[in-house]
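Novice:
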Amino acid sequence: MTTFFRTTCLAAILSVTALSAQAQTALRLAHAAPDTDLQQTLATFFKEQLEERSGGEITVTIFPQGQLGNDAAMVDGTRSGIIDVVMTGLNNLTGLVPDAGAFELPFIFPTRADAYAALDGEVGQQIATQFEAHGLKMLGYPENGYRNMTNNRGPIVEPADVAGLQMRVNNSKALGDMFQLLGATPQQIPVAELYTALETGVVDAQDHPIGIVQSFKFDEVQEYLSLTQHAYSALALGMNLNKFNGLTEYQQKMITEVAAEAVAMQRDLSQEREEEMLTDLEGKGMKINRDVNAKAFQEAVRPVWDSFVQENGDAVVKAITGE
């Protein structure tokens with residue numbers, strides 16, 4: 008074999024290898040939930056479908072349970088490009104886009120269908136577009152579910168039953184305002200630290216959707232679960248905007264389609280498994296209270312809406328409620 012021929016062959020091999028490496032897109036997806044949670048189910052679906060449909064051209068590595076940091080760190084990491092895709096509570100993004108805080112208002116969504124219509128419709132997409140100014144491409148709004156209260160004191164039936172509780176809250180201003188209005192003492196604690204905070208008595212109550220109560224095993228440190236359903240909690244599936252824009256049109260289409268399918272699948276499972284989750288929690292000794300005066304709660308927390316409108320205007324609230 009001549010030197011010229013060997014050199015030509017080597018150049019061709021290197022060229023093909025370089026093109027192959029360039030063509031492959033490796034994505035890092037991070038979330039804070041345990042690998043038993045439906046967030047991991049969604050992440051696994053997203054990974055498997057993208058890898059299969061792209062023929063391995065796109066690969067996804069999943070980092071669950073806050074392996075790449077808490078929610079704030081993961082959001083920052085995704086905006087900077089250290090992480091490619093993040094799944095987190097929408098509340099963790101309202102500091103960037105205050106309008107998104109309307110989705111966190113107590114009792115703004117009477118049913119899941121109302122929530123899906125708003126999130127997937129014009130108002131949800133307008134808010135999704137606002138995230139692009141902050142380096143994020145919103146791929147969809149998975150479901151965390153309706154938030155319910157747990158505590159170690161007793162069932163919560165009336166608004167007065169919340170008074171005096173040391174209530175862990177997330178960084179949602181609406182929820183913090185709500186618990187303060189009801190007479191609790193709200194304390195912001197990252198979800199990764201919440202089990203220990205409940206176990207050691209730093210707080211004696213918290214609110215989360217049923218799936219989170221189960222996957223984080225809060226039944227081990229909380230005796231009562233009251234189905235207050237005081238707020239619908241959406242997740243956000245966001246991608247680094249530069250990473251998304253750097254993909255081919257075909258890859259972008261594939262990612263957005265798979266993301267939409269993953270969100271729909273996860274929402275369906277969330278609804279289907281809710282009663283099963285409640286049965287599991289009850290079997291583990293949690294006392295579940297379904298007797299909640301929802302009307303009294305709605306009336307008691309209405310000032311939270313007024314506060315939001317004062318600060319952000321009423322356009323988004325009216326778009327959601329149709330008023």
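Here the working numbering is used: the first residue of the sequence shown is 8, the next is one more, and so on.
Every residue, glycine too, gets a C-beta built ideally from N, C-alpha and C.
Does DSSP put K224 in a helix, a strand or coil?
Specialist: Position 217 of the sequence shown, counted from the start, is the residue given in the question as residue 224. Three-state DSSP puts K224 in coil, outside helix and strand.
Novice: So, do the stretch 36-52 and the stretch 66-84 have three or more beta carbon pairs nearer to each other than 8 Å?
Specialist: yes
Novice: What residue ranges within the stretch 52-134 form continuous beta strand (DSSP E) runs of no fewer than 3 residues, ordered along the chain?
Specialist: 65-70, 92-96
Novice: Given this structure, state the Cα-to-Cα distance separating Q195 from M261, to the nearest angstrom.
Specialist: The residue given as residue 195 occupies position 188 in the sequence shown. The residue given as residue 261 occupies position 254 in the sequence shown. Computed Cα separation, rounded: 38 Å.
Novice: Do the stretch 244-264 and the stretch 183-200 make contact, defined as three or more Cβ pairs closer than 8 Å?
Specialist: With the cut-off at 8 Å, the stretch 244-264 and the stretch 183-200 do not touch.
Novice: Assign R274 to buried or exposed, taking buried as 16 or more other Cβ atoms, counted over all protein chains shown, within 10 Å of its Cβ.
Specialist: Mapped onto the sequence shown, residue 274 falls at position 267. Flag for R274 reads buried.
Novice: So the candidates are V210, D287, Y257, G218; which of them puts its Cα closest to the Cα of Y153?
Specialist: The residue you call residue 153 lines up with position 146 of the sequence shown. The candidate whose alpha carbon is nearest that of Y153 is G218.
Novice: Which residue comes first and which comes last in the alpha helix (DSSP H) that contains A322?
Specialist: Position 315 of the sequence shown, counted from the start, is the residue given in the question as residue 322. Here the alpha helix (DSSP H) through A322 covers 322-328.
Novice: Residues in its own chain within less than 6 Å of Q173 by CB, not counting five upstream and five downstream?
Specialist: As a working mapping, residue 173 is identified with position 166 in the sequence shown. Excluding residues within five positions, the ones whose Cβ falls inside 6 Å are T192, V210, D211.
Novice: Only counting the same chain, and skipping five residues up and downstream in sequence, which positions put a Cβ closer than 6 Å to that of F116?
Specialist: Residue 116 sits at position 109 when you count from the first residue of the sequence shown. Contacts found: A122, Y239.
Novice: Grouping DSSP H, G and I as helix and E and B as strand, with all else coil, what is M293?
Specialist: Counting from 1 along the sequence shown, the entry for residue 293 is found at position 286. Note: M293 maps to coil in three-state DSSP.
Novice: Quick one: what's got a C-beta closer than 8 Å to V323's C-beta in the same chain, skipping five residues either side?
Specialist: Residue mapping note: residue 323 aligns to position 316 of the sequence shown, counting from 1. Answer for V323: D106, A109, V130, I134, listed in chain order.
Novice: Counting along the chain, where does the alpha helix (DSSP H) carrying D275 start and finish?
Specialist: Indexing the sequence shown from 1 puts residue 275 at position 268. 256-279 is the extent of the alpha helix (DSSP H) around D275.
Novice: Check the C-beta distance from Q221 over to M145 and give it rounded, since I have them as a contact under 8 Å.
Specialist: As a first step, residue 221 must be located in the sequence shown, where it is residue number 214. As a first step, residue 145 must be located in the sequence shown, where it is residue number 138. Their Cβ separation, rounded to whole angstroms, is 27 Å, which puts Q221 and M145 out of contact at 8 Å.
Novice: Please name the residue, chosen from F52, L34, E256, that lies closest to V265 on a Cα-to-Cα basis.
Specialist: For the purposes of this step, residue 265 is taken as the residue at position 258 of the sequence shown. Closest option to V265, Cα to Cα, is F52.
Novice: Less than 6 Å between C-beta atoms, sequence neighbours within five positions excluded: which residues of the same chain meet that for Q137?
Specialist: Translated into positions along the sequence shown, residue 137 becomes position 130. Closer than 6 Å at the Cβ level, and outside the excluded window around Q137, lie V104.
Novice: Under three-state DSSP, which class holds G161?
Specialist: On the sequence shown, position 154 is the one that residue 161 refers to. Residue state, collapsed to three classes: coil.
Novice: Which class does Q229 belong to by DSSP, given the choice of helix, strand or coil?
Specialist: Against the sequence shown, residue 229 aligns to sequence position 222. The answer is coil: DSSP assigns Q229 none of H, G, I, E or B.
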